[in-house]
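The structure under discussion appears below in the form of structure tokens.
Chains as they are written, first to last, in the working numbering: chain A, 12 to 339; chain B, 12 to 339.
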């Protein structure tokens, strides 16, 4: 018998454990083209909060009473699909559960890059690709740029810091609390701002007296406003996430948004899915970096399927350094 | 004896006539390379409000006690510059005064396009070029796009409406009050929203049930937020101005800015000066449109140098339909 986390009710504001329910599920017999996967690692990500609202977005909303979904890595335990054998490790979207039956075309066999399986949910997975394409493509960042990245101790942010350094940029990262700031520094960031210790605007003005060329936004709100204030001419902002706004209904207020005009700021929202056709490019550059230690993989691991909602909620309490994972 | 409007004091919030002072000025004898110009038409523009603050921007701030500047068209009455003869009509930046001595290299002789002189301050001048390059380049608008433009009865907005229609786009314009809305309709807009008659968000949702591809922003605030709410995937926003914020210190609040991510919105601030090298391209397309009536030129004319501050203040009271000009 398999178990899966279901959406029990839609959260209003910050989700709580009451919004989730772990239930037994019946798994079908395999049809042709399907594989049965025993999940080993589950990904929890801030974007999942958006799918818990009943609004149209780039992915359909979760349905109340239905199982949740998310990135997962598991082992094939039964196969009726060509090219998939028992024991293969695959990556797929039927997370939040211990076992799943999936169409083989939605399960990618992990490329042989000499990496640990869970890294395909992190630095070599959607998380890493988000950091990579957001920085290189959406923000068109290049060597010599002064790059500001918020939530720099988070899953995506910590990869942005390292890719930017590998590409010859100056990096300013923000994080909450001395421990996370120390972690960001250990990744090679040139300046680190503890946003819990004072105004992010003041911190950024001190760290970047000549302004910034690129802002990689994971946070929105005051961080984005500080970036508006400090942007140099022709600055590019890649908007990856706005975690500050995910659980609140209040509008975000900006004092410096008018600088968009005078500084000719270009701001671009992006979704990593759009870059999937370019994943080979990402693997080609990232895999050697991971192998030779240029890009380090940091994980916060929570054990046990039953703790998946806790791991997810921890994202909004800042409990993760690097990628938040659930190990089954 | 010439007269010029001086900045008497920096406005705080909405400017008043107390911030301006009309004073006699001594004009120098002409040096080589200079011309003396009798101004015929003065331009007043919202961006001038920004120059009245003591902040670094894309143009230096006005100085208290010094004459104001701005676009003007006048007649050469004395010349010590090669290629400039008495009687030539020129366009230059020494506005807010009746007579000026200017370096000939900063005075462009009006091209012979069969247009009225004051049109070089409007539809064939910086105003028209702002509309043209903002729409075509900053917003990358193309035939078939659904374009929303705010302040569509204003100087820039009214040209955006007409260029967009000439290029085969669907146009939604906003304006304040029935008279201006009727004017925007007369320019060919497909839908017009009276933002004074109700919520701009509701109005835009009705006018664009399938969303918008392009937003040309002259206003900021609630208009920009409505555009975030209604943006289709890969929408492009050209940010030309945010007049709502020019006279207030409060931050602008946005409820829908997070849609930047899901809809992959690209937002770009721009300054028309950056496009000056491409003015020939603008003249080549716009001059025939003006000549054959595809693009109509609408002006609100205030008479007399002494009324220049009133004309300027009228911009923020919404007193202009089309381009606000002062005739001397």
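For each residue, glycine too, the CB sits at the ideal point set by N, CA and C.
In terms of beta-carbon proximity, residue 275/A lines the interface with chain B, with at least one pair separated by less than 8 Å. Neighbours of residue 262/B across chain A, judged by C-beta separation under 7 Å: 264, 265 and 266.
Under DSSP, residue 226/B forms a beta bridge with 159/B and 248/B.
For residue 170/B, the three-state secondary structure derived from DSSP is helix.
Excluding its 5 nearest sequence neighbours in each direction, residue 207/A has C-beta neighbours in its own chain below 8 Å: 187 and 188, listed in chain order. Ranking 166/A, 310/A and 273/A by CA distance to the CA of residue 71/B puts 273/A first. No Cβ of chain A is located within less than 8 Å of the beta carbon of residue 56/B. For residue 25/A, there are no neighbours in chain B by C-beta distance under 9 Å, as the nearest C-beta there is about 16 Å away. Assignment of residue 30/A by DSSP, reduced to helix, strand and coil, places it in the helix class. In summary, the residues of the segment 279-294 of chain B whose CB is separated from some CB of chain A by less than 9 Å are 279, 280, 281, 282 and 285, in the order they occur in the chain. When beta bridges are read from the DSSP output, residue 334/B appears opposite 310/B. Of all C-beta pairs linking the segment 55-62 of chain A to the segment 85-92 of chain A, fewer than three are shorter than 8 Å, placing the two stretches out of contact. DSSP places residue 181/B in the strand class (E or B) of the three-state scheme.
Chain-ordered listing is empty here: chain B has no CB closer than 8 Å to the CB of residue 210/A, the nearest sitting near 14 Å.
Your pair residue 55/B and residue 113/B does not check out as a contact, with CB atoms roughly 19 Å apart and the cut at 8 Å. If you compare the alpha carbons of 258/B, 99/B and 312/B with that of residue 327/B, the shortest gap goes to 258/B. Scanning 240/B, 205/B and 248/B for the CA closest to the CA of residue 221/B turns up 240/B. If you draw a straight line from the Cα of residue 129/A to the Cα of residue 247/B, it is about 37 Å long. Per DSSP, residue 51/A lies in no alpha helix (DSSP H); the unbroken beta strand (DSSP E) holding it starts and ends at 45-54. Listed along chain A is no residue with a C-beta nearer than 9 Å to that of residue 119/B; the closest approach is about 24 Å. Taking C-beta atoms as the reference points, residue 92/A and residue 48/A fail to come closer than 8 Å.
Exclusion of the five residues before and after residue 332/A leaves 164, 191, 194, 309 and 311 as the residues of its chain whose Cβ lies within less than 7 Å of its Cβ.
Pairing residue 153/A with residue 254/B, the inter-Cα distance amounts to about 34 Å.
It is roughly 50 Å from the alpha-carbon of residue 283/A to the alpha-carbon of residue 105/B. For chain A, the residues of the segment 67-92 of chain B that bring a beta carbon within less than 7 Å of one of its beta carbons are 68 and 69, in chain order. Residue 200/B and residue 251/B have their C-alpha atoms spaced approximately 19 Å apart.
At a cut-off of 8 Å between beta carbons, residue 104/A makes no contact with chain B. Counting of Cβ neighbours within 10 angstroms places residue 80/B among the buried residues, the total reaching 16 or more.
When rounded, the separation of the alpha-carbon atoms in residue 176/A and residue 125/A is 23 Å. By the Cβ neighbour-count rule, residue 155/A is exposed, with fewer than 16 other Cβ atoms within 10 Å of its own. By the Cβ criterion, the segment 27-35 of chain B is in contact with the segment 313-327 of chain B, since at least three pairs of Cβ atoms, one from each stretch, lie closer than 8 Å.
Residues of the segment 240-264 of chain A that bring their beta carbon within less than 9 Å of a beta carbon in chain B comprise 244, 248, 250, 251, 252, 253, 256, 257, 260, 261, 262, 263 and 264, in sequence order.
At a cut-off of 8 Å, the C-beta of residue 231/B has a neighbouring C-beta in chain A.
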